[in-house]
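Structure first, commentary second.
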Amino acid sequence: MYSAIASNKRKTIFILFGFVAFVGLLAWLLGQLYGPSTLYAVLIFGLVYTLISYFAGSRLSLAVNGAHEIQKSDNPRLWRTVENLAITDGLPMPRVFIINDPAPNAFATGRNPAHAAVCATSGLLELMDDSELEGVIAHELGHIKNYDIRVSMIAFALSAVVAILADVILRLTWFRDRDDENNNQALMLLGIVAAIVAPLIATLIQLAISRKREYLADATGVLTTRYPEGLERALAKIGQVGGTLQRQNTSTAHFFFANPLRGHGISNLFSTHPPIEERIKRLQEMATRA
Numbered sequence: 017m018y019s020a021i022a023s024n025k026r027k028t029i030f031i032l033f034g035f036v037a038f039v040g041l042l043a044w045l046l047g048q049l050y051g052p053s054t055l056y057a058v059l060i061f062g063l064v065y066t067l068i069s070y071f072a073g074s075r076l077s078l079a080v081n082g083a084h085e086i087q088k089s090d091n092p093r094l095w096r097t098v099e100n101l102a103i104t105d106g107l108p109m110p111r112v113f114i115i116n117d118p119a120p121n122a123f124a125t126g127r128n129p130a131h132a133a134v135c136a137t138s139g140l141l142e143l144m145d146d147s148e149l150e151g152v153i154a155h156e157l158g159h160i161k162n163y164d165i166r167v168s169m170i171a172f173a174l175s176a177v178v179a180i181l182a183d184v185i186l187r188l189t190w191f192r193d194r195d196d197e198n199n200n201q202a203l204m205l206l207g208i209v210a211a212i213v214a215p216l217i218a219t220l221i222q223l224a225i226s227r228k229r230e231y232l233a234d235a236t237g238v239l240t241t242r243y244p245e246g247l248e249r250a251l252a253k254i255g256q257v258g259g260t261l262q263r264q265n266t267s268t269a270h271f272f273f274a275n276p277l278r279g280h281g282i283s284n285l286f287s288t289h290p291p292i293e294e295r296i297k298r299l300q301e302m303a304t305r306a
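Okay, here's the thing in structure tokens:
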């Protein structure tokens, strides 16, 4: 388990560094085409957008998914599960929320452990036994413990900056003066290609980071409960009935325990979550190595 956790952390760091390098390359191209003043304006706008999302993102993610906060008396089983696992992980007690939805799913949010929240659907509470529920909640607390929400926010911010840079390059290129265009045709062509391809590359990188953090949270959750079978059974049940929520929201899909969106076939390439079968396989391999 420890080797799996270390491996996923290393891979995430490498992907993030590659993402930052890609953003830097795109920013350099914009600076070459239109000068540093345009580049600075775009980067400042991206930074402001990121800060707003960072501090308001948790409240928005809970609101858009229809989550309502509970106290211990409202659902003692869920509350005690979160409380006991938080103590085991050495984390502050997060706020606890429930979404009234028959699909079994859950998510965690919060920029750090002191401002965290854990949310479960009513369907999850009905379908899972105690050990399975513990596996899911331990996974979500693993996201909090590993600062995955912060990592996801960085990836989201980088994707947003890429989208802004690409859009600016494409628009300015379209309205560029023809005489100036003839002087830098090769660079202009490179800018157009980059503007078209960059958002797709950024999305794929962001999804790769999200998938690695899911594997990491699985391993961290098992390390907390010392019972991988509970998480395996929970994943198997969700694989059978599906975790698709009635209220669809693509902007918060990467927060959830299982993919909450509808989609099949080629859409799996753009899924924020690795296949459930692969997650179960990795848990079984960790159990045999433990």
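Residues 17 to 306 in the working numbering are what the sequence shown spells out, letter by letter. Idealized CB from N, CA, C, for every residue including glycine.
For residue j and residue i, believed in contact at Cβ under 8 Å, the rounded distance
| i | j | result |
| --- | --- | --- |
| residue 174 | residue 36 | 7 Å |
| residue 11 | residue 86 | This structure cannot speak to residue 11, because the chain is shown only from 17 to 306. |
| residue 148 | residue 122 | Their Cβ separation, rounded to whole angstroms, is 11 Å, which puts residue 148 and residue 122 out of contact at 8 Å. |
| residue 154 | residue 237 | 4 Å |
Proximity to residue i [Cα-Cα], best of the options
| i | options | result |
| --- | --- | --- |
| residue 273 | 213, 217, 164 and 242 | 164 |
| residue 112 | 50, 94 and 121 | 94 |
| residue 268 | 55, 172 and 233 | 172 |
| residue 106 | 218, 34, 205 and 158 | 158 |
| residue 139 | 130, 254 and 77 | 254 |
| residue 262 | 120, 218, 56 and 210 | 120 |
| residue 265 | 49, 211 and 77 | 77 |
| residue 294 | 231, 143, 176 and 142 | 231 |
| residue 178 | 58, 49, 154 and 250 | 58 |
| residue 303 | 278, 288, 270 and 248 | 248 |
| residue 270 | 246, 100, 169 and 215 | 169 |
Outcome for residue i when other beta-carbon atoms lying within 10 angstroms are tallied against a minimum of 16
| i | result |
| --- | --- |
| residue 89 | exposed |
| residue 63 | exposed |
| residue 256 | exposed |
| residue 197 | Note that residue 197 has pLDDT 49, beneath the 50 cutoff, so the model's placement of it is unreliable and the number below is only indicative. With fewer than 16 other Cβ atoms within 10 Å, it is exposed. |
| residue 234 | buried |
| residue 181 | buried |
| residue 222 | buried |
| residue 130 | exposed |
| residue 146 | exposed |
| residue 227 | buried |
| residue 100 | exposed |
Rounded C-alpha distance that separates residue i from residue j
| i | j | result |
| --- | --- | --- |
| residue 98 | residue 229 | 20 Å |
| residue 301 | residue 240 | 17 Å |
| residue 71 | residue 252 | 35 Å |
| residue 44 | residue 51 | 9 Å |
| residue 109 | residue 290 | 28 Å |
| residue 260 | residue 103 | 30 Å |
| residue 30 | residue 220 | 15 Å |
| residue 224 | residue 91 | 35 Å |
| residue 150 | residue 61 | 42 Å |
| residue 185 | residue 96 | 52 Å |
| residue 34 | residue 243 | 35 Å |
| residue 83 | residue 135 | 7 Å |
| residue 74 | residue 65 | 15 Å |
| residue 127 | residue 208 | 36 Å |
| residue 53 | residue 41 | 17 Å |
| residue 299 | residue 292 | 11 Å |
| residue 67 | residue 167 | 14 Å |
| residue 49 | residue 55 | 10 Å |
| residue 287 | residue 258 | 14 Å |
| residue 118 | residue 141 | 9 Å |
| residue 39 | residue 144 | 42 Å |
| residue 152 | residue 188 | 48 Å |
Residue i, DSSP secondary structure in three states
| i | result |
| --- | --- |
| residue 83 | coil |
| residue 111 | strand |
| residue 271 | helix |
| residue 4 | Residue 4 cannot be examined here, being either before or after the span of the chain that is shown, 17 to 306. |
| residue 130 | helix |
| residue 260 | coil |
| residue 136 | strand |
| residue 125 | strand |
| residue 181 | helix |
| residue 62 | helix |
| residue 242 | coil |
Chain C within 8 Å of residue i, Cβ atoms only
| i | result |
| --- | --- |
| residue 56 | No chain C is present in this structure, which holds just one protein chain. |
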